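Single-structure report; data block below.
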Amino acid sequence: MLLRSIGRVTKTPVSRHVGPPMWTRFKSSDIPKNNGNLNNDSKAVSKKETQEIGEFKVKSTSSSAAPAPLENSQVSKFMKKNTKPYIPKLKHERLTYEYPGLPNQDDFTKQSKEGKIKPIKRYTRYIPHMITAVVCVWVGYTIKVWVYPPDEGADSVELLDPESFHKFVITHKQQIDKDHYLIEIAPRFKHWQYSFYTDYSQKSIWGGDRIWSVEVKQPQIMVVRSYTPLPLYFMKSEYTRSGEREPLLKVITPNSNDYDHGGVMTLYVKKYDDGEVSKYITNKNVGDELELRGPHIEYKFPYHPLSKLHERPVFKDLPSKVEPEIYADKLKLVNNLPDYDNLTFFAAGTGIAPVLQVLMSKNPYRGFITVHYSARGPNEIEPLERFMFFLEKLDRVKFIRHYDSEQTFLTGKDILKPEPSNYLSPMRKEKIQKLNELTAEDALKLRKSILDNDNDTKVDEELEKKLEQFDKTIVHYGSAIEQAKVTSKQPKKSSSLAVVCGPDGYVDYVAGPLDKVANEQGEVKGLLGQKEWNNANTFKLSN
Ligand SMILES: Cc1cc2nc3c(=O)[nH]c(=O)nc-3n(C[C@H](O)[C@H](O)[C@H](O)COP(=O)(O)OP(=O)(O)OC[C@H]3O[C@@H](n4cnc5c(N)ncnc54)[C@H](O)[C@@H]3O)c2cc1C
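Residue numbers (numbering that gives the first Met the number 0): 0 to 542.
Structure representation (structure tokens):
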């Protein structure tokens, strides 16, 4: 008790006063000697007289250690305030069990929370931003739809349209030699994919029963030129994108699951120094656009009844992966159907593109094809040689090369007389009859027979039953290569059909000129004309 009272006294400050000390100091000599007898001490203190310190009258009240009471009311008030004893808490006392407020919670938020329950979730603060973004997108879309006309072909359900141009993007460009290029293009818009499954065989552009082309537009001078797309694409990877390796050229296996590889195709283009469109195309880079219109069917192979019963297995990158053709021979036997006509294809330069298009497409032409390929040298076609080799291995085609550099030109010696056709559709019969000049009566009869025979494409029900029976006795080859080993030893019949494709001069040399004024084939002359080929078995295509 004594020590506490001592502490209280000594801590009492008299501040804001300049002048002589206004509080009596506690002296050690003032501590009563007889500890425990406080009554005696207080008496002693009370005996003390009032002292004058400076301008204040200090009156000793209780003890000499106590602060002196002051006459001056202001100061005494001040002093009183400070006489409040300091009692330190011995240990921390918890005053409330409420959670402390959030760091950014002020009185206002506290108030509003109390007044109205306002749930604040994690993403609530982003709502204004989200609303702004949605409004911006909506406004932008409205402007695009109402102010700007849609891109041609953007909403088309067809990959290609013969009437309007569709945009394609160059996705790869490979220069083969000084003036030959492979240019991979992919459709700019995807809307056509929505309708792809409805009738895949109709939608797929890759059909081996025809030769087709597309027109490429040169928009600056508004000129179009035809090109023959190939079912090829460049397989890209991280290595090709980093430039470490060249992408591998691969065959598109027509397939509805991947929309025929997303509608990709490759153009084999020769650049002419003064050629407007070829220069325009080959000067473009990856990412640039090309406008295409098509497909335009240039030539459809003659109808054969077997084509309704059986499809030839599609060509693949690896010949070992190509399925063997097990049904065709049996079907021919069962139904007493004739063989397919063999075909000779005469191609010069980029004129090889149509035959490659046919051979690499779905359900390719089934007769054996002999290709006479004329070019300046072997380099022009170098990246496509691999596929030509595989096709030969499958016993579907034979390439005979005529290079200027090797002076192995195409001559009359390379051309055989045409073999009579194995099967003549009424249409072709008419063509032949026309050549032999029909009387009006015969022509009418023939026309009638065509109409009557139009349903010869229908599959006979009995035939289907026999087919089922033969399924059980069919000899299975492991692969098309295995089968080709056997068939390649069998002698091939001469061709009954000829297709000539190349520059005007070449077509003229091989089969006589095209009648461009009348937009007709013109009489078959040249090397083929000399060997008795005619318009019923020859087709000319200027490329
Ligand atoms: C159905 C069809 C399919 C075709 N497919 C392809 C194809 O896959 N790849 C391809 O590269 N081309 C193909 N062509 C040819 C192509 O359409 C163009 O004719 C060729 O690219 C030249 O066009 P250009 O505008 O560059 O030249 P243009 O401005 O038409 O001609 C410029 C100059 O080149 C000469 N020239 C043009 N074409 C030939 C030619 N073929 N041979 C020799 N000299 C020529 C002209 O005499 C002229 O002096 C095809 C043509 C047709 C009809």
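Note that beta-carbon positions come from the ideal geometry of N, C-alpha and C, so glycine has one too. On a predicted model such as this, the values are computed, not experimentally measured, just so you know.
query                                                                                                                                                                                     : result
Please name the residue in 196, 268, 346 and 286 whose C-alpha comes closest to that of residue 280.                                                                                      : 268
Return yes when the C-beta of residue 349 is under 7 Å from any heavy atom of ligand 1, and no when it is not.                                                                            : yes
Opposite residue 214 in the DSSP bridges: which residues?                                                                                                                                 : 225 and 292
Smallest Cα separation from residue 342: which of 325, 228, 329 and 364?                                                                                                                  : 364
Looking at the strands, I want to know which residues DSSP matches up with residue 373.                                                                                                   : 347 and 401
Taking Cβ to Cβ, would you say residue 501 is nearer than 8 Å to residue 542?                                                                                                             : yes
I need the boundaries of the alpha helix (DSSP H) containing residue 95, first residue and last residue.                                                                                  : Segment: none, residue 95 is in no alpha helix (DSSP H) and carries neither H nor E.
Assuming residue 127 and residue 158 form a contact by the criterion Cβ under 8 Å, report the distance between their Cβ atoms to the nearest whole angstrom.                              : That belief does not hold up - the Cβ atoms of residue 127 and residue 158 are roughly 44 Å apart, past 8 Å.
Could you check if residue 185 belongs to the surroundings of ligand 1, using beta carbon to heavy atom distance under 7 Å?                                                               : no
If we ignore side chains and look at the alpha-carbon of each, how far apart do residue 262 and residue 273 end up?                                                                       : 31 Å
Which residues in the same chain have their Cβ closer than 6 Å to the Cβ of residue 32, if we skip the five residues on either side of it in sequence?                                    : With a pLDDT of only 45 at residue 32, under the threshold of 50, the placement of this residue in the model should not be trusted; the figure read from the coordinates follows. Taken in chain order, the list of residues that qualify is empty.
Could you name the residues of the same chain whose beta carbon sits closer than 7 Å to that of residue 357, not counting the 5 residues immediately before and after it, in chain order? : 207, 210, 363 and 364
Decide if residue 549 is buried, meaning its Cβ has at least 16 other Cβ atoms within 10 Å, or exposed.                                                                                   : Here the chain comprises residues numbered 0 to 542, so residue 549 is not present and cannot be evaluated.
Check whether the Cβ of residue 265 lies closer than 7 Å to any heavy atom of ligand 1, and answer yes or no.                                                                             : no
When DSSP labels each residue in this structure, what does residue 170 get in the three-state scheme?                                                                                     : strand
Please tell me whether residue 220 has its Cβ less than 8 Å away from any Cβ of chain B.                                                                                                  : Note that chain B does not occur in the displayed structure, where there is just one protein chain.
Is the beta carbon of residue 518 within less than 7 Å of some heavy atom of ligand 1?                                                                                                    : no
Buried or exposed, going by whether 16 or more other CB atoms sit within 10 Å of the CB of residue 292?                                                                                   : buried
Using a Cβ-Cβ cut-off of 7 Å (strictly less than) and excluding sequence neighbours within five positions of residue 398, which residues of its own chain qualify?                        : 370, 372, 387 and 391
Give me whichever residues DSSP pairs with residue 179 in a beta bridge.                                                                                                                  : 176 and 269
From which residue to which residue does the beta strand (DSSP E) around residue 233 run?                                                                                                 : 231–234
In the DSSP assignment, what are the bridge partners of residue 165?                                                                                                                      : 291
With H, G and I counted as helix, E and B as strand and the rest as coil, what does DSSP make of residue 18?                                                                              : For residue 18, the pLDDT reaches just 42, beneath the cut-off of 50, and the residue's location in the model is therefore unreliable, leaving the point undetermined.
Round the Cβ separation of residue 530 and residue 511 to the nearest angstrom and send it over; I've been treating them as touching at under 8 Å.                                        : Rounded, the Cβ-Cβ distance is 12 Å, inconsistent with contact.
What is the DSSP secondary structure of residue 204, counted as helix, strand or coil?                                                                                                    : coil
Assess, as a yes-or-no matter, whether the stretch 320–334 is touched by the stretch 190–203 under the definition of 3 or more beta carbon pairs within less than 8 Å.                    : no
On the DSSP letters alone, give me the boundaries of the alpha helix (DSSP H) that residue 278 sits inside.                                                                               : 275–281
If residue 192 and residue 275 are in contact, beta carbons under 8 Å, what's the gap, nearest whole angstrom?                                                                            : Not really, about 33 Å apart at Cβ, beyond 8 Å.
Tell me, which residues are paired with residue 209 by DSSP?                                                                                                                              : 299
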